[in-house]
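Residue numbers (UniProt numbering): 1 to 256.
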């Protein structure tokens, strides 16, 4: 594939390596388009400090660093500046207003918390609560309906450990919304590499049967994770099993 739009930096506090190292790794592995989409800051109350995302005041350095590198590497690779954004009812509008003050090419949606990190639950934690599953689906769909997200990252992050038939029943509206709104669903390579609960067959077999559109995301938190699907053991088998084909992986980025 020629493009990856899911790349992090050290500002999120759980990634390593410099932006230059990610770029060099992408070029070495045949990528022609690289999007940085580090975890967005959130305008949470001043007394709350998030350890998994950049701070609001780091946006300027993030964008200025990437603008300089975009010019430096323009003959070798096309760089885009983005964010992985949590949609929230309370903070989303003010966040977007802040991000628009700086160069920004796109955002991808990644719902790690419901209703938000400050006052909610982590969707990657095991749960057998159907209410939690429904809340995840409802909030994710609301985010997609803004029309601002270029795609939905790790759509099956919600770690529901109840019956598969319940999982598929409740996730069906999310998949249908992605189809109706033309929001591609990400097949997350880092999750596969680390053996997480995502990407999972029960989601992507259903999404494939329903006719959803897909995009592959490296979700690179280290430069060496900037690799091609064929270079990750078992990943192409996962795609084939769920009848998912991949090509150049280039998508149209939505303006923010």
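Just so you know, even glycine gets a beta-carbon here, dropped at the ideal spot from N, CA and C.
Query, Result
"Proximity to residue 260 [Cα-Cα], best of 72, 71 and 83", "This structure cannot settle anything about residue 260, because the visible part of the chain is limited to 1 through 256."
"Environment of residue 188 [buried if 16+ CB atoms lie within 10 Å]", "buried"
"Euclidean distance between Cα positions of residue 140 and residue 39", "16 Å"
"The beta strand (DSSP E) enclosing residue 37, as first and last residue numbers", "33-39"
"Residue 142 in three-state terms, based on DSSP", "helix"
"Straight-line Cα distance separating residue 208 from residue 173", "14 Å"
"Per-residue burial, residue 166 [other beta carbons within 10 Å of its own, 16 or more giving buried]", "exposed"
"Exposure label - residue 210; buried when at least 16 CB within 10 Å", "exposed"
"Spatial neighbours of residue 63 in its chain, beta-carbon cut-off 8 Å, leaving aside the 5 residues before and after", "81, 102, 103 and 104"
"Cβ-based neighbour list, residue 243, same chain, cut-off 6 Å, excluding 5 preceding and 5 following", "208"
"Complete runs of the beta strand (DSSP E) confined to the region 89-151 [at least 3 residues]", "106-109"
"Status (buried if at least 16 other CB within 10 Å, exposed otherwise) for residue 97", "exposed"
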